[in-house]
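So the sequence lines, in the order shown, correspond to chains A and B. To convert, take the position in the first sequence, counting from 1, and add 618; that gives the working numbering. To convert, take the position in the second sequence, counting from 1, and add 618; that gives the working numbering. Here is the structure we will look at.
Number of protein chains: 2
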Amino acid sequence: MQRRTFVTSAGAGLVAAAVASPAVAQSMPEIRWRLTSSFPKSLDTLFGVSEVFAKRLAEITDNRFIIQPFAAGEIVPGLQALDAVSNGTVEACHTASYYYVGKDPTFTFGTALPFGMNPRQQNAWFIEGGGTDLLNEFYKSYNVTAISCGNTGTQMGGWFRKEIRTVEDLRGLKFRVGGFAGRILTRLGVVPQQIAGGDIYPALEKGTIDAAEWVGPHDDEKLGFAKVAPYYYYPGWWEGGAQVQTFANIAKWETLPKHYKAAYEAAAYQAGTWMQARYDASNPAALRRLVAQGTQLRPFTLEVMEACYKQAHELYAEVAAQNPWFKRVLDHTLAFRNEEYLWFQVAEYSFDSFMIRMRARSN
Amino acid sequence: MQRRTFVTSAGAGLVAAAVASPAVAQSMPEIRWRLTSSFPKSLDTLFGVSEVFAKRLAEITDNRFIIQPFAAGEIVPGLQALDAVSNGTVEACHTASYYYVGKDPTFTFGTALPFGMNPRQQNAWFIEGGGTDLLNEFYKSYNVTAISCGNTGTQMGGWFRKEIRTVEDLRGLKFRVGGFAGRILTRLGVVPQQIAGGDIYPALEKGTIDAAEWVGPHDDEKLGFAKVAPYYYYPGWWEGGAQVQTFANIAKWETLPKHYKAAYEAAAYQAGTWMQARYDASNPAALRRLVAQGTQLRPFTLEVMEACYKQAHELYAEVAAQNPWFKRVLDHTLAFRNEEYLWFQVAEYSFDSFMIRMRARSN
């Protein structure tokens, strides 16, 4: 009888709890997604950002929303990550939108427009400049929605087996280069090559290609390019601030509770901030080691930079004339970029200039 | 009897549910915190970041972890935000750590060391360079723990009623300037003034002070300085990348479930990213308007910059000799800063240089 009373009163308590608990239970459903990355596990930062993102999302949701990241090739090849999300093979991916410029050149803007913006400016454009909404409208016809998740910083211009002093030196050069830059360089006689990260080194070693760019010192050192190409050029003008992002399948995205969407976004932002910090913190030591081992640092000459700039903007005008989406995002981006540099040349640039000057003096 | 049966079987169902539901109910407790900001509501970005942070945290936790932001003066004055967290008056604040250099100069590092790092480098130091852990160890004796939540970007050097060409021009200048910079400028004859944001304009108008700095075009335009001081100097070398942060009371922080801590951090990072983007997106138009209305932009001369740099580093050595915490964080920061500029002068700086050059040419 005592036991009976206990059960009854416990039952009464549970009735009261039941008023609240269905909402709670419903509010924290267990969800498992797969995320396919365009990057190999060996790249601790470009692949690592997917792991940081998934870990943070799990932590925020008390292990109820679990995303499992897969490296390039585990589910689909790295350059098919977007397609796998678009057709629902996986719920999400982490990639660089400009890998898909073959589908539509408008995909370049999600990562970087050559001679576009630096990383801070890219962020400002996405978050406060309307870039996120604009591109997500474009992505709709691919059944995907994008959330920024990382930036590499301004990239290096890559590894060359011979010096590049003039535009003439570019002619006939077989160059592994990512995204939209290939179409610009083609106009100056370069033969651009699309080669996945892990396959670049053997191609450069064998002489199948003459030059290759990837990201910057931290990654490039791992990939071993210094051993087969002595000249390391800068800047990578085609990637002034290369954004990477997660794409989610829109239909799957819409099944998420509102607060899981918020958690996904916040986790992606924090992981993205980590990625930039990781590159910024690790590039200096990698650069030191490369130079100590004989790498020759070279700035692209003004002749080469200006010729590429001119060809880039001529190409943009040609593509914009044929592609309304490209024109719409281009006009939006260039207007924003020009305003950004109006401001950045004042406080930001003059502070950096002075600090670089004083650092050089103390050496 | 039928009713009785219903209750019993419902009770049985609830017992089964009870196995799972306590964990769920416990995992999403309702928590309400108050956050006091050091900034007035009129500053949509510096105060706004607290609102963005609180909104995001509420969204992530399905409105179960609610933080209510209060503007400076609503609970405590702006410059007492840290004390209010330290003594448990409120659970959290949003502030700039360098407001508290009077307690210990080590507080400068959480916001900016004069001639320290730019915003990207600050972030890298905090996230991947060990800065967060180092400073949180220092903050422990104040019963607070910090999470980065925003950066203003490199600030402007402020508004001056007369031109500053030489070090001699600084002598006797009554200058409203934030944080640790006052101690550097004192060595060059400046009389630094500590005045809260909202009180600067009347002081400058009446001539009680000769010059004042706040943040940059977006805020400074709102505060009206252009009407009473024509010369707008750059860069704000004392704030190459001014970080702001939330401090939480450690005892209160430790009561949070682990996933609420994760949600808090992720929301703070996303809000911080928003803040930088907001400044970067809105500064260009504000700068244009200021210049159109007669503001005279002036770079600090190299003579002035170098004299300040020299005094800054001499002061650091003096303070470090007396203050082991300051020395520890200083050595850590300067080593990191010097490595960062080794790298930033390559790809980042050369890309920005070229883009600024091409922009100027197209005007």
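Ideal Cβ positions, reconstructed from N, Cα and C, are used throughout, including at glycine.
Taking 8 Å as the cut-off, decide whether the C-beta atoms of residue i and residue j are in contact.
| i | j | result |
| --- | --- | --- |
| Arg794 (chain B) | Glu839 (chain B) | no |
| Met976 (chain A) | Tyr852 (chain A) | no |
| Ile765 (chain A) | Thr873 (chain A) | no |
| Phe969 (chain B) | Trp855 (chain A) | yes |
| Leu664 (chain B) | Phe657 (chain B) | yes |
| Ile782 (chain A) | Val922 (chain A) | yes |
| Asn741 (chain A) | Ala885 (chain B) | no |
| Trp871 (chain A) | Phe756 (chain A) | no |
| Ile678 (chain B) | Ala965 (chain B) | no |
| Arg738 (chain B) | Gln888 (chain B) | no |
| Glu709 (chain B) | Asn901 (chain B) | no |
| Val703 (chain A) | Val762 (chain A) | yes |
| Leu915 (chain A) | Tyr850 (chain A) | yes |
| Phe954 (chain B) | Trp743 (chain B) | yes |
| Asp898 (chain A) | Glu958 (chain B) | yes |
| Ile802 (chain A) | Cys926 (chain A) | yes |
| Gly890 (chain B) | Asn769 (chain B) | yes |
| Leu697 (chain B) | Ala814 (chain B) | yes |
Compare the Cα-Cα distances from residue i to each of the options and report the closest residue.
| i | options | result |
| --- | --- | --- |
| Gly747 (chain B) | B:Leu952, B:Phe972, B:Ser656 | B:Leu952 |
| Ala676 (chain B) | B:Met646, B:Tyr819, B:Arg946 | B:Met646 |
| Asp722 (chain B) | B:His877, B:Ile818, B:Lys945 | B:Lys945 |
| Ser715 (chain A) | A:Thr707, A:Val708, A:Asn705, A:Ala699 | A:Ala699 |
| Gly859 (chain B) | B:Trp943, B:Arg896, B:Glu958, B:Thr772 | B:Thr772 |
| Glu932 (chain B) | B:Tyr897, B:Val703, B:Pro732, B:Gln812 | B:Pro732 |
| Val808 (chain B) | B:Lys792, B:Tyr934, B:Trp892 | B:Lys792 |
| Pro848 (chain A) | A:Thr707, A:Gln811, A:Tyr717, A:Thr913 | A:Thr913 |
| Thr804 (chain A) | A:Thr713, A:Gln911, A:Gly790 | A:Gly790 |
| Lys879 (chain B) | B:Ile685, B:Ala930, B:Leu697 | B:Ile685 |
| Leu948 (chain B) | B:Gly749, B:Ile827, B:Ile802, B:Ala799 | B:Gly749 |
| Ser759 (chain A) | A:Gly734, A:Ile974, A:Asn705 | A:Asn705 |
| Trp651 (chain B) | B:Phe688, B:Leu661, B:Ser660 | B:Phe688 |
| Val660 (chain A) | A:Gly842, A:Tyr967, A:Ala869 | Residue identity differs from the one stated: residue 660 (chain A) is Ser in this sequence, not Val. Closest option to Ser660 (chain A), Cα to Cα, is A:Gly842. |
| Lys1012 (chain A) | A:Glu648, A:Val862, A:Val846, A:Ala935 | As shown, chain A starts at 619 and ends at 981. That puts residue 1012 (chain A) outside it, with no answer to give. |
| Ile745 (chain B) | B:Gln861, B:Lys928, B:Tyr934, B:Ala939 | B:Gln861 |
| Asp662 (chain A) | A:Lys928, A:Gln911, A:Met893, A:Glu936 | A:Met893 |
| Glu924 (chain A) | B:Lys928, B:Ser980, B:Ala939, B:Glu669 | B:Ser980 |
Once DSSP output is grouped into helix, strand and coil, what is the label at residue i?
| i | result |
| --- | --- |
| Ile974 (chain B) | helix |
| Asn867 (chain A) | strand |
| Thr713 (chain B) | strand |
| Lys879 (chain A) | helix |
| Leu806 (chain A) | coil |
| Arg783 (chain B) | coil |
| Leu846 (chain A) | Looking at the sequence shown, residue 846 (chain A) is not Leu but Val. Reduced to three states, the DSSP call for Val846 (chain A) is coil. |
| Arg622 (chain A) | With a pLDDT of 38 at Arg622 (chain A), under the threshold of 50, the modelled position of that residue is not reliable, and no figure is offered here. |
| Ala860 (chain A) | coil |
| Asn941 (chain A) | coil |
| Gly768 (chain B) | strand |
| Pro853 (chain B) | coil |
| Trp961 (chain B) | helix |
| Ser639 (chain A) | Note that Ser639 (chain A) scores 47 on pLDDT, short of 50, meaning its location in the model is unreliable; the coordinates nonetheless yield the value given after this. In this structure, Ser639 (chain A) counts as helix in the three-state DSSP scheme. |
| Val762 (chain A) | strand |
| Ser750 (chain B) | The displayed chain sequence assigns Thr, not Ser, to residue 750 (chain B). DSSP places Thr750 (chain B) in helix when its eight states are reduced to three. |
| Pro658 (chain A) | coil |
| Pro737 (chain A) | helix |
| Gln888 (chain B) | helix |
Between residue i and residue j, how many whole angstroms is the CB-CB distance? I'm expecting something under 8 Å.
| i | j | result |
| --- | --- | --- |
| Leu960 (chain B) | Leu788 (chain A) | Actually they do not touch by this definition, with Cβ atoms about 29 Å apart. |
| Thr654 (chain A) | Val719 (chain A) | Actually they are not in contact, since the Cβ atoms of Thr654 (chain A) and Val719 (chain A) sit about 19 Å apart, beyond 8 Å. |
| Val785 (chain A) | Leu806 (chain A) | 6 Å |
| Gly797 (chain B) | Thr726 (chain B) | 6 Å |
| Arg779 (chain B) | Ala829 (chain B) | 7 Å |
| Asn941 (chain A) | Thr729 (chain A) | No, Asn941 (chain A) and Thr729 (chain A) are not in contact; Cβ-Cβ is about 17 Å, not under 8 Å. |
| Cys767 (chain A) | His836 (chain A) | With 8 Å as the limit, Cys767 (chain A) and His836 (chain A) do not qualify as a contact, their Cβ atoms being about 18 Å apart. |
Quick check: does the Cβ of residue i come within less than 7 Å of any heavy atom belonging to the ligand NAD?
| i | result |
| --- | --- |
| Thr729 (chain B) | With respect to the ligand NAD, the structure shown offers nothing to examine, as it has no ligands at all. |
inquiry  = What are the residues in the segment 762-786 of chain B lying within 7 Å of chain A by C-beta distance?
reply    = Cβ contacts with chain A come from Gly771, Thr772, Gln773, Met774.
query = Residues in the segment 646-677 of chain A with C-beta within 7 Å of chain B's C-beta atoms, listed in sequence order?
reply = Going along the segment 646-677 of chain A in chain order, one finds Met646, Arg674, Glu677 with a Cβ nearer than 7 Å to chain B.
Near-chain A residues of the segment 956-968 of chain B - C-beta to any C-beta below 9 Å = Within the segment 956-968 of chain B, the residues whose Cβ lies closer than 9 Å to some Cβ of chain A are Asn956, Glu957, Glu958, Tyr959, Leu960, Trp961, Phe962, Gln963, Val964, Ala965, Glu966, Tyr967, Ser968, listed in chain order.
key: Contact residues within the segment 678-690 of chain B, judged by C-beta distance below 9 Å to chain A   = Here the close residues are Ile678, Thr679, Asp680, Asn681, Arg682.
key: Positions along the segment 817-836 of chain B whose CB lies within less than 9 Å of some CB in chain A   = So the list reads Gly834, Pro835, given in the order they occur along the chain.
request  = Compile a chain-ordered list of the residues in the segment 905-920 of chain B whose CB is closer than 9 Å to at least one CB of chain A.
outcome  = Sequence-ordered contacts of the segment 905-920 of chain B with chain A read Leu905, Arg906, Leu915, Pro917, Phe918, Leu920 [C-beta pairs closer than 9 Å].
ask   = Just by C-beta distance, which residues in the segment 850-881 of chain B are closer than 8 Å to chain A?
value = When CB distances to chain A are screened at a threshold of 8 Å, the residues of the segment 850-881 of chain B falling below it are Tyr852, Pro853, Gly854, Trp855, Gly858, Pro875, Lys876, His877, Ala880, Ala881, in chain order.
request  = Give, in chain order, every residue of the segment 741-757 of chain A whose Cβ lies closer than 8 Å to some Cβ of chain B.
outcome  = Cβ contacts with chain B come from Asn741, Ala742, Trp743, Phe744, Ile745, Glu746, Gly747.
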